[in-house]
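K.L.:
Counting from 1, one number per residue, gives the positions in the sequence shown under full-length UniProt numbering.
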Amino acid sequence: MLKFILRRILIMIPQLFLLSVLIFLLAKAMPGDALTGQLAANPKMDPKTLAEMKEKLGLNDPVHIQYIRWVKNMLHGDLGLSYTHQQPVTDLLAGRIGNTVLLSAAILILTYLIAIPLGIVSGRWTDTWADKLIIGYSYLGFATPLFIFALIMLFIFGFHLGWFPTGGSVDVQVEEGTLAYYLSKLNHLMLPALSGALINTVITIQYLRSEIVDTKVKDFVKTARAKGVPERHIYWRHILRNSFLPIAAFLGYEITGLIGGSVFLESIYSYPGLGQLFLQSIMQRDYSVVTALVMISGLATLVGTLLSDIILSAVDPRIRIE
């Protein structure tokens, strides 16, 4: 197992290198540079002053020199300076990453709490009214874009019924660290988390249902029934155990997908996380923040893939590549 993990980590090194080169070249290919956003905010800036700032920042250096300096700074934890917010990108991300992680974790927990029971019911009692309702819900979820569903949820439960706040991550008047503070965080979290979870469940439900239906007719299940094993033991020890393998393998990709999905949720619900910051930085041409967030997203994708492989090899050692 350790050999397998080490080999997968070594494979990530050239992948990270290629990812960093691609992100840097795409950033350089975008119109403008790191000072474009600041120039837009202050159009009367003296051209001489602008040229001096470019020279000071090394924006006139050859591309390969700029890339090497960028990578060195990243390895030392320096992600550059946000010219829109006038603060280091590291500090800017530190103030928002907690909200994104909290939202992603809440969506993931709610997704599995909803999807696993529904998938088991749909797979075990196929062609019943419950199965047809669950399949109908899945088809509706597949057909509904996340941002449309989030807007509907916001309108109904936020504006019309007033059950949940319509923006922010916590009430500004509560004192941090108190019970009222954490209850306010939970209240602001529930609506975007439910919106993301109710859409994400459809994939897990379909995976689990399909695996249960396929596993029910396999030879080892028929043999267990022929030996008189109780039906509930067959389902819990044989069918469900094998059916959960693709769900376990999908966990890492699910975590990665939540980061991308949070861009829409955080923007719609005005939730101050990395997703909202990403869209704002693109609009304001704050390239230091954009490149840092894209790099973090790419790294999360690689880590999610590694996590999926580790989970799958731990659950079923037979498929582990040695």
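Cβ atoms here follow ideal geometry from the backbone N, Cα and C, with glycine treated the same way.
(1) Which runs of the beta strand (DSSP E), 3 residues or longer, sit entirely within the segment 228 to 307?
(2) Considering only their Cβ atoms, is the gap separating A150 from F17 smaller than 8 Å?
(3) Considering only C-alpha positions, which residue in the set S288, L154, Q280, T144 is nearest to K28?
(4) How many angstroms separate the CA atom of I134 from the CA atom of F142?
(5) Please tell me whether L274 and L293 are closer than 8 Å, where the distance is taken between their beta carbons.
(6) Residue range of the alpha helix (DSSP H) that I116 falls in?
(7) Taking the alpha-carbon positions, what's the G168 to T215 distance?
(8) Quick check on this structure: which residue in G98, I296, I199 has the alpha carbon closest to the alpha carbon of M74?
(9) Taking the Cβ atom as the reference point for each residue, do L103 and L189 lie within a distance shorter than 8 Å?
(10) Is S169 helix, strand or coil when you go by DSSP?
(11) If you check the beta carbons only, do V172 and Y181 fall under 8 Å apart?
(12) For S82, write down the residues that DSSP places opposite it in a beta bridge.
(13) I need the straight-line Cα distance from Q66 to P14, nearest angstrom please.
(14) Whose C-alpha, out of L26, H76, V89, Q86, is nearest the C-alpha of V63?
(15) What residue ranges within the segment 169 to 232 form continuous alpha helix (DSSP H) runs of no fewer than 4 residues, ordered along the chain?
(16) Excluding sequence positions up to five away, which residues of its chain have a Cβ less than 8 Å from the Cβ of V290?
P.N.:
According to the structure shown:
(1) none
(2) Position 17 of the sequence shown, counting from 1, holds the residue named residue 17. Position 150 of the sequence shown, counting from 1, holds the residue named residue 150. Not in contact: F17 and A150 (Cβ atoms no closer than 8 Å).
(3) Start at 1 with the first residue of the sequence shown, and residue 28 comes out as number 28. Answer by Cα proximity: S288.
(4) For the purposes of this step, residue 134 is identified with residue 134 of the sequence shown, where counting begins at 1. For the purposes of this step, residue 142 is identified with residue 142 of the sequence shown, where counting begins at 1. C-alpha separation (whole angstroms): 12 Å.
(5) For the purposes of this step, residue 274 is taken as the residue at position 274 of the sequence shown. For the purposes of this step, residue 293 is taken as the residue at position 293 of the sequence shown. Against a cut-off of 8 Å, the Cβ pair of L293 and L274 comes out as a contact.
(6) The residue you call residue 116 lines up with position 116 of the sequence shown. Per DSSP, I116 belongs to the alpha helix (DSSP H) from 89 to 124.
(7) Within the sequence shown, the letter at position 168 stands for residue 168. Within the sequence shown, the letter at position 215 stands for residue 215. So the alpha carbons of these two residues sit roughly 45 Å apart.
(8) Here residue 74 refers to the residue found at position 74 when the sequence shown is read from its first residue. The shortest Cα separation from M74 among G98, I296, I199 belongs to I296.
(9) For the purposes of this step, residue 103 is taken as the residue at position 103 of the sequence shown. For the purposes of this step, residue 189 is taken as the residue at position 189 of the sequence shown. Yes, Cβ-Cβ distance for L103 and L189 is below 8 Å.
(10) Working through the sequence shown from its first residue, we reach residue 169 at position 169. Coil at S169, not helix or strand.
(11) Position 172 of the sequence shown, counted from the first residue, corresponds to residue 172. Position 181 of the sequence shown, counted from the first residue, corresponds to residue 181. No, these two residues do not count as a Cβ contact at 8 Å.
(12) For the purposes of this step, residue 82 is taken as the residue at position 82 of the sequence shown. Answer is Q87, bridged to S82.
(13) Reading the sequence shown from its first residue, position 66 is the one you call residue 66. Reading the sequence shown from its first residue, position 14 is the one you call residue 14. Their Cα atoms are separated by approximately 20 Å.
(14) Here residue 63 corresponds to residue number 63 of the sequence shown, with the count starting at 1. Of the listed residues, the one whose Cα sits closest to V63 is L26.
(15) 179 to 216, 219 to 226
(16) By 1-based counting over the sequence shown, the position of residue 290 is 290. If we look at V290 and ignore the five residues flanking it on each side, its Cβ neighbours are A27, F278, S281, I282.
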